[in-house]
Amino acid sequence: MNIAGKKVIVTGAEGFIGSHLTERLVELGADVTALVQYNSFNNWGWIDTFDSNVKSSINVVTGDIREYDGIKRIIKGNEIVFHLAALIAIPYSYQSPMAYVRTNIEGTTNVLEACREYDIQKIVHTSTSETYGTALYVPIDEKHPMQGQSPYSASKIGADKIAESFYKSFNTPVATLRPFNTYGPRQSARAVIPTIISQILAGKSEIKLGDLSPTRDFNFVKDTAEAFVKVAESDNTVGEVINAGSNYEISIKDTIDLIVKIIGKDVKIICDEQRLRPKNSEVNRLWADNRKIKELTGWAPKYDIESGLRETIEWMKDNLQHYKPDIYNV
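First residue of the sequence shown: 1, per UniProt numbering; consecutive thereafter.
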């Protein structure tokens with residue numbers, strides 16, 4: 001399937017990954033509808049920052065995936081659905097777990113039910129490497145057990161299983177993409193890389209962080225957006241769960257050292273207790289096996305960690321006003 005000319009909808013298009021995917025789909029010639037969460041300010045998130053030519057190419061609609069009738073009207077008439085809308089902040093899931101059930105599980109069910117009713121040609125459902133929890137073996141392939149180490153990850157496991165059930169019960173053409181640790185321009189300060197960069201760029205000599213020992217498989221957002229496209233276009237991905245990762249493991253401590261080296265400023269790291277996850281909730285190790293996505297779609301990451309960080313830092317230098325380095329963003 002070639003995405004050019006296809007009528008596609010992106011849920012969560014105003015967000016970090018969703019906004020990059022939306023831009024990429026426009027670039028590829030798709031007829032794009034961007035679903036953003038309704039708000040009284042008519043705020044379109046990162047879409048508001050798009051180049052005017054890109055913005056004018058998008059049909060922006062507001063709604064809420066938790067409301068079935070509305071989402072059904074929005075999905076009608078499209079051919080491909082990229083489902084990215086979700087609550088994703090792990091710390092906030094400790095405070096409001098039911099909100100994650102309603103958005104991530106019930107919302108996903110609404111999207112899939114609407115897709116089933118209107119015979120959508122392809123759905124790409126967004127999972128997360130957090131569903132694996134701390135690695136029981138590495139690299140982590142798609143057969144790795146899922147572990148609900150936070151309410152967020154548990155809700156995403158539930159959403160993934162709903163997607164699996166629609167494929168097995170109704171032959172719904174859904175593929176589940178499981179990105180590992182995406183970073184890059186526009187990422188919320190709730191995530192570790194923009195937290196580090198924003199504090200340093202704001203002139204802080206002491207950087208507040210949580211645990212530095214966990215390892216992550218970081219992936220630049222443009223690579224992740226391309227993985228969504230490749231999974232949608234491939235005829236081999238229906239019914240599959242597919243990792244999108246770099247197959248490269250790096251600790252938070254080493255990531256800090258690399259950022260400090262690129263920016264060229266020495267800093268002292270301070271452990272901030274409120275940034276620590278509960279002991280049994282922390283995911284200590286993530287490292288993706290990406291052989292399956294390469295075999296099924298031909299996708300491979302183009303950015304290594306240093307080139308991705310350099311592009312992220314340059315963007316953040318020009319966009320620091322979007323961040324609040326003095327405030328812990330849950």
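The beta-carbon is built from N, C-alpha and C at its ideal position, and this holds for glycine as well. Since the model is a prediction, treat every value here as computed from it, not as a measurement.
For G63, the enclosing beta strand (DSSP E) stretches over residues 59–63. Beta-bridge pairing by DSSP links R216 to I250. With respect to the C-alpha of L276, the residue from R190, E249, W287 having the closest C-alpha is R190.
Per DSSP, the continuous beta strand (DSSP E) segment holding F82 begins and ends at 80–83. Sorting V111, E130, D289, V8 by C-alpha distance to the C-alpha of V283 places E130 at the top. By the C-beta criterion, the stretch 156–164 is judged not to be in contact with the stretch 207–214, since fewer than 3 inter-stretch pairs fall below 8 Å. A contact between stretches requires three or more CB pairs, one per stretch, nearer than 8 Å, and the stretch 87–103 fails this requirement with the stretch 42–53. Only buried fits Q187, as 16 or more other CB atoms lie within 10 angstroms of its CB. According to DSSP, residue pairing for N290 in a beta bridge does not occur.
DSSP, reduced to helix, strand and coil, places N243 within a strand of the structure shown. By the Cβ test, the stretch 255–274 is not in contact with the stretch 130–143, since fewer than three Cβ pairs between them sit closer than 8 Å. For L276, the secondary structure class from DSSP, reduced to helix, strand or coil, is coil. In the DSSP assignment, Q199 falls within the unbroken alpha helix (DSSP H) covering 192–201. Within a 10 Å sphere around the beta-carbon of S153 sit 16 or more other beta-carbons, which makes this residue buried.
The criterion of a C-beta distance shorter than 7 Å is not satisfied by I9 and V60. The DSSP-derived three-state label of R285 is strand. Judged by beta-carbon spacing, R178 lies beyond the 7 Å limit of S96, meaning their Cβ atoms are not closer than that value.
In this structure, DSSP gives I90 a helical state, which the three-state scheme calls helix.
Just measuring C-alpha positions, the residue of K292, L296, H322 sitting nearest Q199 is H322. By alpha-carbon distance to G239, the top candidate from I17, V54, Q147, N171 is N171.
DSSP places A154 within a helical segment (H, G or I) once states are collapsed to three. In the structure shown, P97 falls within a helical segment according to DSSP collapsed to helix, strand and coil. Within the same chain, and ignoring the five residues on either side of Y137 in sequence, the residues whose Cβ sits closer than 8 Å to its Cβ are H144.
Ranked by Cα distance from R24, the first of D119, F228, I140 is F228. I327 sits exposed, since fewer than 16 C-beta atoms from the chains shown fall within 10 Å of its C-beta.
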